[in-house]
Each structure stands twice: as structure tokens, then as C-alpha cells.
Amino acid sequence: MSLSVRPILSALMRNRTGAVLVAMQVAIALAVLVNALYIVVQRIEKMQRPLGIDVDNIFVVQASGFTDRYDQTSSMREDIDYLRSLPGVVAASPSNGIPLSGSGSATTLTAHPGVHSTDGFNYYEVDEQGLDALGVRLVAGRNFRHGDIEPSRAKNDASSFVSNVILSRATALRLFGQDDPLGKAVYDDLGQSATVVGIVDPVIGAWVGDRHPDWVMFMSRLPSGRYGAVRYLVRTRPGARDAAMQQAESHLSRSNPDRVITFVRTLNYFRDLSYLGDRSMGIYLLTVTLLMVAVTCLGIFALATFNVTTRTRQIGTRRAVGARRADIVQYFLVENGLITTAGVVGGCALALATGYWLSIQYELPRLNLYFLVGGVLLLWGIGQLAALQPARRAATVPPSVATRNV
Amino acid sequence: MLKMQDVSKVYRTDLIETYALREFSLEVSAGEFVAITGPSGSGKTTFLNVAGLLENFETGSYRIDGTDVRGLSDDQRSRLRNERIGFIFQSFNLIPDLNIYDNVDVPLRYRRLSTRERHERIGSALDLVGLSSRMKHMPSQLSGGQQQRVAIARAIAGDPAFLLADEPTGNLDSLMARQVMELLEQINELGTTILLVTHDPELARRAQRNVHLVDGQISDFRTYEPRAAPDAGLAHA
Amino acid sequence: MQASLLGYYSHLALRSFRRNPGLTALMVLAIAFGVAVCIMTLTVYHAMSGNPIWWKNDRLYTVTMDSWDPNSGFTRGNAETHLPPPLMTYRDATTVLHAGLAERTVVMFESSGVISGTGGPPLRTDTRFTTGDFFPMFDVPFLYGSGWSRSADDPPQPVVVLSRSMNERLFAGANSVGRTLRWNDHEFRVVGVLDYWFPRPLFYDVTEGSFAPPEDLFIPFAWGRALDLRSAGNVDCWKAEPLDTSEQFFNSECVWLQTWVELPDRASRERMQAFLDNYWAEQRRGGRFGRPRDNRLTNVGQWLRDQQVVDNDNRVLVGLAFAFLLVCLINTVGLLLAKFLSAAAITGVRRALGASRRQVFMQHLTEVALIAGTGSALGLGLGALGLAAVHHMYAAAHLGRPGGYQELMHFDRTGVLWAIALAILATLAAGLYPAWRVGRLPPAVYLKSQ
């Protein structure tokens, strides 16, 4: 390398305001870039975790009875029979909760009676088609049979348990560790027990923001409709969903004058709504971060351009005394590299501090250092790219500029 | 060592062509001190740019030490400039952001010399111009004459075969101008060929040979008696 | 003199812009983007974090008592909140209500029912079961009629208050006071219709998404028990106890009721606090309240913070927005400085010709002001566009009910003032230093060289 850094550095130090400003931009951009990307990646991971549910082919119907004549049991029976008869429908089941929607129920659960626990497990009350209506995969044991399904709890019964349950693998792991859970008993907080007949994996409950969204249990019982509404989960063959939804809505809204159909919606609707915050956060973070990097690059570009224009004569002199074009390009790249490096070093400290602060303040996970390394390389590379064009232009300054008396 | 044969240089605009040099021929031998004079617009600066490989020319031939410079790549020309030619400019062209030492260092940097050798050359060049005590000063802290002496030091630090000086005293008062001229004569006596471009006949008279340019052509040769015959042994070391 | 100079400076600035149109555009855009991003995030943040009833911040308190599990604190989403449960048990809430210590007391929950009997098709709607103090306590505006008196609370009278939009749906916006409707097939008489009312966030019940609009129907609280209703919102239980009968449920340790009191002065607050503590001690002797004493009266501002109504994402975004604005401003300072200093020789000539330091400073400040002013104006426009885009994103997701996010995504008057203040600040921040620097240049240095 024909250019040592020292004279470039000393020249820089004599005009440092511009350089310091650019380095500050680089530092802030790095800190933001690294932390924003880290948050975005976490959100993407959250959104892409395996759901175990055939989301795209499921729709949800909610019905509310409102007169004294309304009989929930027979109404539910008729509705489910009708839904199962629709063309393209694979399975349909009543359910108390809607996956991914934020609307569901949870209970505490232990592997031994009388043991105190605060773990909340999200449960679905479904019939024998419940697993199929969600499209979840049974990995051990058996599905519910028609005979297992217990009637809805009576209005004045809020605490009876069921005989058979199917657990998610995450639930089984939490309760039984590595032991085989099949045939074992699980207990509610009143000490009532149910037998584990099957294990599904993966599956997700109603609350995507829960610390353990996959702590799920299926109960072999029709939902109670206690809060004035029953839900039906309906799964169709691919492509048949929308037609089935239309048919279901037009038929069910007229079939029983004692209840209203509150909504017929795709499960995608609920999933998108639940992840809306994550999605918009991600889009917003990415947009602003990209803008910030772009502004920083423009700053680098502008400073380099400014340096080139104000030093035309100096470049000509250098060329006159024998600098090759490549030497000039190199000079400006080294100069820019020094500025960017200073910014990046400051940015590392800033990024770590921001990451630490975020992790303390908002209980976000601590910044992953790979992101920092990646961010440093990225920003440094982009910084050099931004300076390349001005540096090239500098190299085209003719050496005869030196003899021109302005 | 420097031989131009029928060199022409044309500046074209949309409407007119201006011959800055017209079939210009000149031969300079090692150790000479040649003054190029002429009125404004006579082609002095163009001659300097062509001679110093800062600009190309259209027709004719130009040889330095027997090498035809036509057809050399930009890098090769840069290299020739760096090793064979030293420049001195009217407005000094010191790099304002660099101190004196670093300014003199600039051409040496492009030559891949060892740190020690660069250091020695900078030291002796600054010694010669009498400014070794000002190494750490910035150009703006020096007078015009001192700045031009630094520029001379920068020009000779690389030990070039010839110096091209473009009105080196044009921005200086008469006392400083005299000092600079004496310095150039001293360098010439040490064996470096000097081509001095000036419009000042007084300065020109101090050279051994005077080339007068009018409209890009040589109108007059005048050879003066050498002030003192250069020592033949020192010529062109 | 000054006015004509200002015109001259503007003229110079415009010439300067023409000299480097690209650079000028870059600076304008940088400021515009910075201001736009800030305005967008701040508007959303402001809407989410504002105290919608700030004028009663020293009078309105929500009551919470730590009646939770002696063995572990209250959790949400399997994570501990380190606060008492945000809701109260029926027993504790009604004790506060019947004590009558506060100027006004509200105990309530949200449920859901089907409206019929008004001619249209049956309609499921969210309904709030509350005591009548709700309306004066929260300064709820009425279009027609009024709320109900305390005497209608207990025993509960069949009265109902409608939201303005529900009145438009059911009665085409007519004065419906005195008309009747059926709620889950029980008849209620309309006594009042609200005017538009969208407290954001929905401070009085933050469990149902803080940016939901208020309910469309309000019915006396005691009907909840009479009709044996359960909350459609959160019902959190910790104790292993049977909940089969209505009796069991209402006497259980399940928390599900919001409790608010209006306490006009310090004395009344202290009285209420003492009452809660006494009640707590008395109940503890009876075997309840196994946790350390934590009986709270929390005002609205603190309540919104405690319940993390402004989620962390929004705080992070505000930080991001300011970092972005900072980068844009630094960028602009750098560009302005470069531009001004590159024209230093000309400035030197001006100084030599008699311009004062102050005049040079003012000349450059004018240029800065034009750039930053244009950038800020553009930023306001971009910010409005950005908000429209956010609005669109949420509307596309059918966040349905009027008043939700849609109401959130518009500038209110304070928002615009904030934005203008921000823009002026940005101008000063970006322009003062370069103008000052160039004003301080010694003229001789730049005249000497040529």
C-alpha cells in the first residue's frame, strides 16, 4: 500500500467537523440497524413458528342464542351436522376458543393432585372431529371417539373436569418431563383427574403473545357457550373454503330465529389480526432503518463529493507529482474508510448500549453479537460503496489542473 | 534528454480551433537551464503541460531520455512524472491540510520507498531550501517565499531529471523572488535540468538559453553566456 | 432596511439553491423524512399514551387489592406482573360500592348480548353493566336524555343508555328516549343516548385491548347478577374452589370487576385508603388476603403506565424516530457546513466589501430557514400520508368498529402544533451551527490565496 494512513488521518483531523458528523451518522445508523434487525428477526421467528394448524383452510362461525326458546344442545347439533354436510368440508367441531385469536380459556394443570402450580394451559373443548377440524397431527395415542364426548357443562357447573384429554407435546413435557404421558392422569386445581389419551405436535393456542403459546390441552366435551356464544371450527379441502363459508352464512343466519350468527370468518383473519402488531412493527422498523442507512450513505456520498470538489487542485498536484489514478481512488477510499471505521467503532458501543438498555427496559432478549458483526460489515461495505463514485470522479481530475491559475 | 519534434496541441470548441502549440520543436540537453518566455496566451502553459505529461498532444513526437511518450498509459505517464519530473507552480500548490514534512513526502509516497529513505530525502530536500526547522508547520503558517521553497523541496525530493517551473516567482515580492531564483540556480548547478516558464524577461535573462513563444511557435532563440560553466562532472548525475 | 435585507438574503439563497440543486434537494428530503417519521410515531404514541381524562387525574382512582394466591403473585400470559390483579372480586368490589365513602363509585364489567325488538335483525353487541355514577364520573357527553340515578341501580331498573352510533343503527338517530329494546330477550327502556365519545386509550377497562371504542350499550350493574351473567372480558381465578352455582361464583376469589372511585380531596382519599386497609385486615383475620398488604388507589395516569397500555413497541418506535431525525439533522448540518465552507472565498469577498459578521450569519440562516422550512412542510405532508398508510393497513385488517384505530390515526390540533414545533426546532438545530461557523470565518484567509 503506497498510502500510509497517517498523512490521510492528519489531513482529516484538520477538517474534522464534516468527518465527525458523518461518523456520528454511521454510529447511530449502526446502533439502530443492528437492534432493529434483531427485533425484526425475532418477530419473523415468532410469526413463522410452526402452528400445526391448517390455517388457510379453516373458517370460524360464531352463533349467539338470545331467547328463552333457544336450546343450545340441539342447535349445536343441527349446525354441526349441516356444516359437515357442506361440499368440501373435511371436518367441523364446536369449540370454546379460536386458535390465534386472543379468545379462549385457560386452566391450571398438574401431574399430581394437590400440587400447587400457576402454569396456565390453554384448552379447547371439542368433539371427536376437533383435531381434524384444526388439522393438527396426532403423534402418539389416539384421537377422541364419539363416545368420549361429554355434553356441555350445565349453566351452574363451572368446575367439573372431563375423563379424557389430549395434550400438546409441550404440555406433556412440562407436566411429565421425558416420561411417557399416555395413560397418565392430569389434575385440575380441585384435584379432579383426566386421562391422557393422545399427544399432538405442534399446535398453538389462542394467545400468540403468551410466553408459552403451545401449552395446549384438548378436552373431550362440547363447549358450554357460557358467554353467550358458541363457535364452530370448520376445515375444508384446499380451494373449497370460501364457497363453504358463503353457504354456511346464508343458511345458518336463517335456520334458527332464536339465535344470530355473529360472524363467519376465516382463521387467516384472526391470525393476521393477532400478528398485525408484529407485522406493522417489522415493516415500520425496516422502513425507517433502511431510510436511515440511505440517509447515512447520502451523507457519506455528499461528504466525499465535497472533499473531491474542494480538493480538485490538490488532486491535480498529486497527479502532477506522479500519483496514478488508482492512488487517488485509494486515497479517498482510505479516507472514507477511516471515517466509517470511527463511526462503526462508536456504533458498536452505541449498539451494545442500546441493546442492553432495550433488554433491561423492555425485557427483550439480549442482542446477539452475530448481528453486530453483520451490521458492522454491512455498514462498512455500504459506506465504501457510497464513496466509490466520488473517488472515481476524483481520479478523473486531470493533472494539468495544477498548472491552472484560477 | 528531452526532445520535442513538430508537436502540435489544439484546443477545440464548437466553433473554433485554437492551436496552443503549432509544430513546436525543442531539444533540451541534460544540465541546461532553459527559460520559456512569451506573452499571455502564447502557449507557455500548454508547453509546460505537454512537457510535464499533464496533457496529451495531437501530432509530432516527444521523447524523454529517448522514450517516446506518445501511447503511454496514464499509469506509465504518472510514473514518469513521479520519477523524472519535478513541478514548481506559480501558486505553490501545497496541500493545505498537510504539514511541510508531509507535503514534501507526497511524491515519495507514490514511489514505494522505504520509510527511512523517504525520511532522508525529505530531510536533505528541506535542508537544501533551508526549511528543515519548519517541518511540523502547516503551509498557512509560512510566507509565500517559504511556501515556494517547500514546493521546490517537494519537486527535488524525488531526485528528478528535470524541473518544470511555472512562473515560480509570479506570486512573490522581489526579495523573495530573488531568493527563489538563486535556489533554482543552485539546483541547476547541482546538475538538475530546469525549464522555467515566465513572462518576465529579467528572469529569463538569468537562464542559459531563452526560447520565446508567440502563438504556439518559437519566434526567437537566444543563448546567453553561461554565468559560470557548469561543472561537467556534476552534470546529469 | 432589515426587510429589504431579508429579501436580498432570500434572493441569494435561491441563487445558491440553483447552484447545487441536487444537494439542496437532498437536504430538504432528509429533513422532510426525519420530521415525517417523527410526526407519525409521535402521533400514534400520543394517542396511545395520552390520559384521556387528565382533568380528573387528581380525583379519579381505580381500586385494586392484592387478593391473589398467597403462594404466587398475579400473572398475565404466564408472566408475573408484580402488581395486584387489575380487577376485583365481586365481594370486594361491592363492599367498596356499598360503603358509599366516595363521592361517586363505579363497579362494572363488560358482557355481550343480542339486541332485538327494534324492528331490525337481531344484533349482537358489547354491553357494559355499570353503576349509574359511570356517566357523571367519566364526564360522558349526552345527546339525548341522561344516565340513570342511583335509585335505579339497586334494585335494578330496566333502563339502558345507547351510544350515538348504536342509536343511529337502531333508531335512525332519532331521539329514542322512552323507546324500548330487548336485550337477550329482556325488555329495557332507553333513558339516554350518548354523543360521540371515544376516550383513547379506553382507560376504564384496559383488559379488552386499550384502543377499542366504548361499548354500545350501558345497563345497570345489578342486572348482571339478576340475569346471572358472566363477564365477557377477563375472569381470572387462582383458588381451587367449586364455581358451579351463581352463589359460588359471586363469592369466589375470581377477579373480574373494574372498580373506580371519585375522591375530590386528600381527606377523602385517606378515608378510602383507611377503609380498604381496615377491610383487608378484617378479612385477613377471616382467612382471606394471604399476601402482603397491597391495597391501591391508582389515578388514571399511573394506571395506564402500570397496565402497560402503551406497549413496548411504541416506545421503541419513538426512540427510533428520534434517532432517525437526529441522523437526518446531522446529515443536514454536515451538508450545509460543506456547502457554506466551499463558498468561503465568496463570503470572504463579501466581508472584505463590508458585510458584518452578523449579516453573513443572517444571510446563511435565511438559506437554512428556507431549506428546513420547505423540508418541514414536506415532512408534515409525508407524515400525514404515512399516517394514512398506517390507517389503511389497520383498516384493511377490518379492525371494524368505528372509533378504533381509525380515530387514532389523525392529527388532532395539539398534534399539528407539536409537529410545527418539532419542525422549527429541527430548523434551528440543523442551521444554527453552520451559519455561525461561516459567520466566524476570518475574511482575509480566503482572500489571500488568489
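Residue numbers (our numbering), protein chains in the order written: chain A, 1 to 406; chain B, 407 to 643; chain C, 644 to 1093.
Beta carbons: idealized from backbone N, C-alpha and C, even for Gly.
None of the values given here were measured: they were computed from a predicted structure.
Contact between the region 461-479 of chain B and the region 543-561 of chain B is absent: fewer than 3 CB-CB pairs across the two stretches fall below 8 Å.
Chain A places no beta carbon closer than 8 Å to that of B/Phe430, leaving this residue out of the contacts.
Residue burial is scored here from C-beta neighbours: C/Leu963 has at least 16 other C-beta atoms within 10 angstroms and is therefore classed as buried.
Excluding five sequence positions before and after B/Glu464, the CB atoms of its chain that fall closer than 7 Å to its own CB belong to Ser414, Lys415, Val416, given in chain order. In terms of Cα proximity to B/Gly576, the closest of B/Gln554, B/Gly564, B/Gly466 is B/Gln554.
Chain A places a beta carbon closer than 8 Å to that of B/Tyr516, counting this residue as a contact. The DSSP-derived three-state label of B/Met407 is coil. C/Ala1078 counts as buried, since at least 16 other C-beta atoms from the protein chains shown sit within 10 angstroms of its C-beta. In terms of beta-carbon proximity, A/Tyr362 lines the interface with chain C, with at least one pair separated by less than 8 Å.
Contacts between C/Cys971 and chain A, judged by CB atoms closer than 7 Å, involve Val295 in chain order. Around A/Asn15, the beta-carbon contacts reaching into chain B at under 7 Å are Asp503. Think of a sphere of 8 Å around the beta carbon of C/Asn877: no beta carbon from chain A falls inside it, the nearest being about 11 Å out. In this structure, C/Leu703 places its C-beta atom within 8 Å of the C-beta atom of C/Trp903.
When the beta-carbon positions are compared, A/Leu100 and A/Ile204 come within less than 8 Å of each other. Residue burial annotation: A/Ile44 is exposed, with fewer than 16 other C-beta atoms found within 10 angstroms of its C-beta. At a cut-off of 8 Å between C-beta atoms, A/Ser85 does not count as an interface residue with respect to chain C. By the neighbour-count criterion, in which 16 or more other beta carbons inside 10 Å mark a residue as buried, C/Asn818 falls on the exposed side. The beta carbon of C/Leu655 sits closer than 8 Å to those of Gln1006, Thr1009, Glu1010, all from its chain and outside the five residues before and after it, given in chain order. Here C/Ala722 is not near A/Asp189, since their CB atoms are 8 Å or more apart. Counting along the chain, no alpha helix (DSSP H) covers A/Gly205, and no H or E run does either. For C/Ser1019, the nearest beta carbon of chain A is not closer than 8 Å to its own beta carbon. A straight line joining the alpha-carbon of B/Arg487 with that of B/Leu459 spans about 7 Å. Only residues of its own chain outside the window of five on either side were considered, and among them Leu131, Ile166, Gly198, Ile199, Val200 have a CB closer than 8 Å to the CB of A/Leu138, listed in chain order. Residue state for A/Ala91 is assigned as strand, using DSSP reduced to three classes.
Taking the C-beta atoms as reference points, A/Pro7 is found nearer than 8 Å to B/Asp508.
What A/Leu291 touches in chain C, judged by beta-carbon distance under 8 Å, is Phe676, Val680, Phe967, going in chain order.
Distances from the CA of C/Phe918 to each of C/Thr684, C/Val706, C/Val680 were compared; the closest alpha carbon is that of C/Val706. The C-alpha of C/Ala675 lies about 23 Å from the C-alpha of A/Gly383. In the three-state DSSP reduction, C/Phe717 falls in the coil class, being neither helix nor strand. Close CB contacts of B/Leu589 within its chain, under the 7 Å cut and outside five residues either way in sequence, are with Val535, Arg555, Ile558 (chain order). Non-local beta-carbon contacts of C/Asp776 in its own chain, meaning distances under 8 Å to residues more than five positions away in sequence, involve Arg747, Thr748, Val749, Arg793, Glu905 in chain order.
For C/Thr770, the uninterrupted beta strand (DSSP E) segment begins and ends at 766-773.
In this structure, A/Ile58 and A/Leu233 form a Cβ contact; the two beta carbons are roughly 6 Å apart against a cut-off of 8 Å. In terms of Cβ geometry, A/Ala63 and A/Val230 form a close pair [threshold 8 Å]. A residue is called buried when at least 16 other Cβ atoms come within 10 angstroms of its Cβ; A/Leu9 does not meet this threshold and is exposed.
Only buried fits C/Val959, as 16 or more other CB atoms lie within 10 angstroms of its CB.
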